[in-house]
Amino acid sequence: MIGSQIAHYRIDKLLGEGGMGGVYLAEDLKHKRKVAIKALFSHLAMQQTVRERFRYEASTMAQLYHPNIVQLLDFIDENGLYLVMEYVEGIELDRYIITQNKHLPWPEAVEMLMQILDALSYAHRRGVIHRDLKPSNLMIDKTGRVKVLDFGVAKILDQTNSPSLTRTGTKIGTILYMSPEQVKGLPVDARADIYSLGVTLFQMLTGRCPYDLALENEFDISLKIVNEPLPRLSAYYTDIPSELQRIIDKATAKSPQNRYQDCYEFAEALHGLQQLYKEVEWQPVTIEPPADNVEDKPFDWNVFWEEKKYYLVSVFILLLAVTFVWLENTTIHKQIFRKHHTETELKARVYDYYKNLETHDFDKVKTFYAPQIEQYFNSNNQNQQQIKDLSERYWEKTPKEDHAIAWETFKAKEDENGNYTVRFTLSYHYRRNGQKKWQVVTAKTQIKLNNDLKIYAITGSN
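Per the working numbering, the sequence shown runs over residues 42 to 503.
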């Protein structure tokens, strides 16, 4: 396939192969960008059941937009089956663990898991279950952000009766991270993903999967998954908090009814652990040399001029040039120093704003606001202190809230001054004090951000 072209994608390089097909680095000739293309093996692509399920699942996957989910950009069902995905430069979680002394410090593991849970919660609310969560389906990009791969792929391949799906050791065939109900062939829901994530957390903390296909066959492992709890963390490392053992035990309970019932519950348990062990960040201390060690010499202008004259003349000429350009055309100056932000950056900024809003920690939230807010819903010209007072009064009555953005409605526009207006539909889920049932409000929301991506206006309407 290398060098060939599929639609407007040129295949450049094989990135790897798994139980369902190969993954290729390709060039999107239409949009001038790199993409990853997953090509299903031909014997799978020829099966009518796979092709039918492919079209449905791919269209569903394409509607998922989340900073922690690898986005499906396109799908092709001519002369084969191909999924065109966002290309992520990074490393799979299982390989990353090996590079980090073969296991991760528990605070890092928990922080990563919180990102994954956020992505899963977003997908689960839209009725999408992953079904095949494992470290090799989790990517760490160059910024340290975790990205979930292959949403919906397991369902495309489900019930195909293909021998490639049961080969020991293949990526699709492995049962190492499957929930007991998956092993038994029972119907699954979002709690199967929670189980798989609990096993993944075990591997992040210990550097090893609780089961080993090199030592046991799949049948023996399936019996352990159904009947035996995971090994104890303390058997590998003694510095892991005992609370994490209880969290993993609940996430990997044999019965779905005994697990965390959704990603929010799982994340709440991890957040509670983070708060319990919250530490003051270490800051390096700079020590000035003692005054007694400094030799006091008289200042000599002649020596200073001889040493610095070429440097000073160069700086003087540069300052003259800059001043001339500034006076000649301040518009050019503004254009040079104005930052241009992509739609992806704007989406990530809005997403991060709402996630920080849900922490109810205004010190985090205020970093998203400009010093003066022109419009804050029904209030005009509010400063950060006024917004803090409004927010904290509201949070006292509403301890739990969740924001879900319909990313397919997201529109962004830049004005001539480099400011941005973004519009989207927001589903706001909240629970007031004393209430067990979540309330939902859907609103058309508009946020205005300056060139530094600080919010200076926010409005909403039903």
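Here a beta-carbon is modelled for each residue, glycine too, at the ideal position from N, C-alpha and C.
Report the rounded CA-to-CA distance for A411 versus P440, giving the unit in angstroms.
25 Å
Which listed residue (Q156, E449, S420, N419) has its alpha carbon closest to that of E309:
Q156
Considering Cα atoms alone, identify which of R390, L490, I138, S468 is closest to V481.
S468
Own chain residues within Cβ distance below 6 Å of F116, not counting five before or after:
A99, L124
Bridge partners of H470, per DSSP?
D443, V481
Just the C-alpha distance for N474 and A447, rounded to the nearest angstrom, thanks.
27 Å
Please report the residue range of the beta strand (DSSP E) in which G313 lies.
Element bounds for G313: not the beta strand (DSSP E) but the alpha helix (DSSP H), 304 to 317.
Whole-angstrom C-beta distance between L494 and R17, which should lie under 8 Å:
Absent from the structure is residue 17, since the part of the chain shown begins at 42 and ends at 503.
Rounded C-alpha distance that separates E386 from V240
32 Å
Check this for me: beta carbons of V187 and N109, under 8 Å apart or not?
yes
Could you tell me if M61 is buried or exposed, where buried requires 16 or more neighbouring beta carbons within 10 angstroms of its beta carbon?
buried
CA-CA distance, G226 and M245?
27 Å
Note down the Cα distance separating D182 from F418, rounded to an integer number of angstroms.
36 Å
Straight-line Cα distance separating T293 from G58
This sequence places Glu at residue 58; Gly is not what is there. Approximately 29 Å between the Cα atoms of the pair.
Below 6 Å CB to CB, which residues in the same chain sit around H312 once its five sequence neighbours on both sides are set aside?
none
Option nearest H171 by Cα separation, candidates L154, V129, V229, E222
V229
Inter-stretch contact at 8 Å, needing at least 3 Cβ pairs: the region 421 to 434 / the region 128 to 148
no
In terms of alpha-carbon separation, which member of R249, C304, L217 lies closest to V267?
L217
Suppose the cutoff is 8 Å on Cβ atoms and the five residues either side in sequence are ignored; what does the same chain contact list for D456 look like?
T462
Which same chain residues, not among the five before or five after S296, have their C-beta less than 7 Å away from its C-beta?
none
7 Å CB neighbourhood of D191 in its chain, flanking five on each side removed
D173, N178
Taking the C-alpha atoms as reference points, what is the distance between I496 and F403?
14 Å
In this structure, does DSSP put V229 in helix, strand or coil?
coil
Extent of the continuous beta strand (DSSP E) to which M126 belongs:
123 to 127
List the endpoints of the continuous beta strand (DSSP E) containing M180.
179 to 182
Could you say which of K452, C304, Y318 lies nearest to D443 if we only look at CA atoms?
C304
Counted within 10 angstroms of its Cβ, other Cβ atoms place R300 as buried (16 or more) or exposed
buried
Going by C-alpha distance, which of M180, E152, L85 is nearest G131?
M180
Identify, in the order they occur along the chain, each residue of the same chain with its Cβ nearer than 6 Å to the Cβ of V326, setting aside the five sequence neighbours on each side.
Confidence at V326 is low in this model, with a pLDDT of 32, below 50, so its placement is unreliable and the value that follows should be read with caution. There are no such residues.
Tell me whether I508 sits in a helix, a strand or coil according to DSSP, three-state version.
Absent from the structure is residue 508, since the part of the chain shown begins at 42 and ends at 503.
Presumed contact (8 Å Cβ cut-off) between K489 and S502, rounded CB distance:
At roughly 15 Å, the Cβ-Cβ gap does not stay under 8 Å, so K489 and S502 are not in contact.
Hey, could you find the ends of the beta strand (DSSP E) Y497 is sitting in?
496 to 502
Using DSSP with H/G/I as helix, E/B as strand and the rest coil, what is Y236?
helix
Cβ neighbour criterion (16 or more within 10 Å) applied to T450
exposed
Based on the DSSP secondary-structure assignment, which residues constitute the bridge partners of E58?
G63
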